[in-house]
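Asker: A single structure is presented below for examination.
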């Protein structure tokens, strides 16, 4: 068929799905706009699907669009390609890209959109540029006061055609919802790495179900994300807690902060209290000794992030590790990275895969999201965590594969029980709360006072949250009064905020009596409280277990996983010839691997990256080695054997076809047997070199599939 005929067929199919493309000129059709070509970035299949799904939603007129892609799978690049195609087609003109807090995230997005050149700009320092097309800002910048109003109010409500919300699960709803409401005529495109769970349910309720999802398990199975090992280690006091009276009887010394000598001491302290309410130098020392022991075992130059409880805790941990490895002669072997501006130099060095130093970074929450550090090999939890969203963000720091540092997997070393949240992460999706329905005929009135002085508080920002996409904000007047009307008859959440006071969240019950007034109070912010210090306490490592994440519903050590994999494979095949016949048949191989993964949790990628620590071996040799103790043969060895020892096979092709055969063998060497399919000729490398599929077929002078079958047979004989 001609291109015109194909286009006509495509129009007929897509019209039945969602839109009549016959009404759109070809030059205005974003699907026909070429992707931005970047020789350093080849789009993966799921990224192409994600791009098309978002564009499809835009063309359907959807105003709120959510995309869920695991950390490390290229959300920002997908967003860039979406904007590129829509912008080139003239469907959108002005775009705002929003990030939360960290300027480093804003700057990473700005760099990713470099294809737009001078059409980009950043909103910083109170400036409000308006002559560019693509704008990058943080929520905090747009929410700041400028000329007696919020900075975002300097832009007309219809200024932007699309607002992209990066990591949209993170920000306080009452803040960025207000910005989105100002630009409510724009398309709101939210991106998140976190599946729907209780602590981010509002995000999913606002945007609706994602147009496409690609999770961490899929990324690992496809080989795009690094797999992980989990190592759980507990001290005696993390297992049992600290009984203060017993500790004192055993010689422990307790020091109260001078600023608060009358502080109440609890009878028992547990892991969530450590370094928050009570600091234990002996525990920090023992844990750091264990960390150093592990780093020496695994590789003392492997990049490591340690998540600590507080800035002081991060400093203490940094000092312990720096002192231990001082013999290396590096003054910054271990660094504390807690402030974006102050620690920018160390952060930039730590992110660079080609720079060895610093090796260890201690942090609190700066490195939890958005910052790309592909070479990180160890993620260490020294802080207790209860949020599945935060846990997912943190482990996402290690999921990127990094060829520069030969990183194919990473370790999660858990001293606080944080990895229990893997169970919650894999629970079925939760349903969003039901829509709030009427009647809306109730009221709520309150007067707000200072909790200590009883002074009336005016200028308090009061936000009623009816549901994620319905909020009402009022400011208390000179009498400290807030008044809401047209409220539902059910209880709703109220948030009170005022500079110099602690934020307060409470649930209120509207009433039919508009005269009824409640009394509310706000407490002044206090300086950070110093915490109790306990010394001379006996701390030791009580338990240590190394496990591999679930396989067949079990948690297995590496040795157990290898034996489990062997048993599982031998239940499906009898001998090496069985495996070879399955491997050479594309459909049988796909079904076989899918069965191993879905039914048993057996993956050649896990075996190669975690057990064998090899990234240069095809799945056949991995499975053959595990099941039949066959020697491990790399893809490079198989490719060289075919080229050097099987000249008769190479010479059986016409001279003008041999270069193509060599390129196909090279493609196998790089990517494995999955590359030996006719679809490989669609990748830019082949198209640029040979001028398209038609020219390749003319050179080969035969059908394509038999050639691929021949190459596969020769490789594995």
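Numbering (our numbering), first residue to last: -10 to 706.
Where a beta carbon is used, it is the ideal one built from N, C-alpha and C, also for glycine.
Take residue 235 and list the residues in its own chain whose beta-carbon comes closer than 7 Å to its own, dropping the five residues that flank it on each side.
Answerer: Cβ neighbours of residue 235 beyond the five flanking positions: none.
Asker: Look at the alpha carbon of residue 553 and the alpha carbon of residue 562, and state the distance between them as a whole number of angstroms.
Answerer: Their backbone Cα atoms lie some 15 Å apart in a straight line.
Asker: Return the chain-ordered ranges of every beta strand (DSSP E) run that is complete within the stretch 370 to 434 and spans a minimum of 3 residues.
Answerer: Counting only runs of 3 or more, we get 398 to 403.
Asker: With respect to the beta strand (DSSP E) encompassing residue 226, which residues constitute its N-terminal and C-terminal limits?
Answerer: Note, residue 226: premise wrong, no beta strand (DSSP E); alpha helix (DSSP H) at 225 to 229.
Asker: Taking buried to mean at least 16 other C-beta atoms within 10 Å of its own C-beta, is residue 125 buried or exposed?
Answerer: By the neighbour-count rule (16 or more Cβ atoms within 10 Å), residue 125 is buried.
Asker: Pick out whichever of 619, 577 and 680 has its Cα sitting closest to the Cα of residue 663.
Answerer: That would be 577, whose Cα lies nearest to the Cα of residue 663.
Asker: Looking at C-alpha atoms only, which residue of 532, 247, 199 and 633 is the closest neighbour of residue 520?
Answerer: Nearest option by C-alpha distance: 247.
Asker: Could you pull the start and end residues of the alpha helix (DSSP H) that residue 77 belongs to?
Answerer: Start and end: 64 to 77.
Asker: Starting from residue 210, trace the alpha helix (DSSP H) both ways and give me its first and last residue.
Answerer: It spans 205 to 211 - the alpha helix (DSSP H) in which residue 210 sits, taken as one unbroken run.
Asker: Who does residue 471 pair with in a DSSP beta bridge?
Answerer: According to DSSP, which records beta bridges pairwise, residue 471 is partnered with 435.
Asker: Counting pairs of beta carbons, one from the stretch 238 to 247 and one from the stretch 524 to 531, are three or more of them closer than 8 Å?
Answerer: Yes, they touch.
Asker: Measuring CB to CB, does residue 407 end up less than 8 Å from residue 380?
Answerer: In this structure, residue 380 lies closer than 8 Å to residue 407 by Cβ.
Asker: Determine whether the beta carbon atoms of residue 485 and residue 511 lie at a separation below 8 Å.
Answerer: Against a cut-off of 8 Å, the Cβ pair of residue 511 and residue 485 comes out as a contact.
Asker: Are there 16 or more other CB atoms within 10 angstroms of the CB of residue 398, so buried, or fewer, so exposed?
Answerer: Per the 10 Å Cβ criterion, buried.
Asker: Straight-line CA distance for residue 103 to residue 508?
Answerer: The alpha-carbon atoms of residue 103 and residue 508 are separated by roughly 53 Å.
Asker: Applying the 10 Å Cβ sphere with the 16-neighbour rule, what's the burial state of residue 370?
Answerer: So residue 370 counts as buried.
Asker: With distances taken Cα to Cα, identify the nearest neighbour of residue 182 among 208, 135, 27 and 501.
Answerer: Residue 182 has its Cα closest to that of 208, out of 208, 135, 27 and 501.
Asker: So residue 352 and residue 309 are in contact, right, with Cβ under 8 Å, and what is the actual spacing, rounded?
Answerer: That pair is no contact at about 15 Å.
Asker: Buried or exposed, going by whether 16 or more other CB atoms sit within 10 Å of the CB of residue 448?
Answerer: Residue 448 is exposed by the Cβ-count criterion.
Asker: What's the gap between the Cα of residue 777 and the Cα of residue 669?
Answerer: Residue 777 lies beyond the range of the chain shown here (-10 to 706); nothing can be said about it.
Asker: Taking all protein chains shown into account, do 16 or more other C-beta atoms lie within 10 angstroms of the C-beta of residue 316, making it buried, or fewer, making it exposed?
Answerer: So residue 316 counts as exposed.
Asker: Could you tell me whether the stretch 62 to 72 touches the stretch 134 to 150, where touching means 3 or more Cβ pairs closer than 8 Å?
Answerer: Flag = no, the stretch 62 to 72 and the stretch 134 to 150 do not touch.
Asker: For residue 286 and residue 653, what's the separation of their Cα atoms in angstroms?
Answerer: Cα to Cα, residue 286 sits roughly 40 Å from residue 653.
Asker: From the DSSP output, which residues share a beta bridge with residue 135?
Answerer: Beta-bridge pairing links residue 135 to 138.
Asker: So residue 490 is in the beta strand (DSSP E); what residue range does that whole segment cover?
Answerer: Where residue 490 is concerned, there is no enclosing beta strand (DSSP E), given that its DSSP letter is neither H nor E.
Asker: Which stretch, first to last residue, makes up the alpha helix (DSSP H) that contains residue 523?
Answerer: That residue, residue 523, is in no alpha helix (DSSP H); its beta strand (DSSP E) goes 521 to 524.
Asker: Just checking my contact of residue 200 with residue 43 at CB under 8 Å: how many whole Å lie between their CB atoms?
Answerer: With a Cβ gap of about 6 Å, residue 200 and residue 43 count as contacting.
Asker: Return the CA-CA distance between residue 362 and residue 289, expressed in angstroms with no decimal places.
Answerer: In a straight line, the C-alpha of residue 362 is about 17 Å away from that of residue 289.
Asker: Quick one: give me the first and last residue of the alpha helix (DSSP H) that residue 557 is part of.
Answerer: Start and end: 547 to 561.
Asker: Using three-state DSSP, classify residue 345 as helix, strand or coil.
Answerer: DSSP places residue 345 in coil when its eight states are reduced to three.
Asker: In whole angstroms, give me the CA-to-CA distance for residue 584 and residue 560.
Answerer: If you take the alpha carbons of residue 584 and residue 560, they lie about 12 Å apart.
Asker: By a C-beta neighbour count over all protein chains shown, 10 Å radius and 16 as the cutoff for buried, is residue 173 buried or exposed?
Answerer: Residue 173 comes out exposed.
Asker: Here's a check: name, in chain order, each residue in its chain whose Cβ is nearer than 7 Å to the Cβ of residue 694, leaving out the five neighbours to either side.
Answerer: Hits under 7 Å: 667.
Asker: Whole angstroms are fine: how far does the CA of residue 275 sit from the CA of residue 496?
Answerer: Those two C-alpha atoms are separated by around 44 Å.
Asker: Roughly how many angstroms separate the alpha carbons of residue 386 and residue 401, rounded to a whole number?
Answerer: About 11 Å.
Asker: Based on DSSP bridge pairs, tell me the residues matched to residue 292.
Answerer: Residue 292 pairs with 365.
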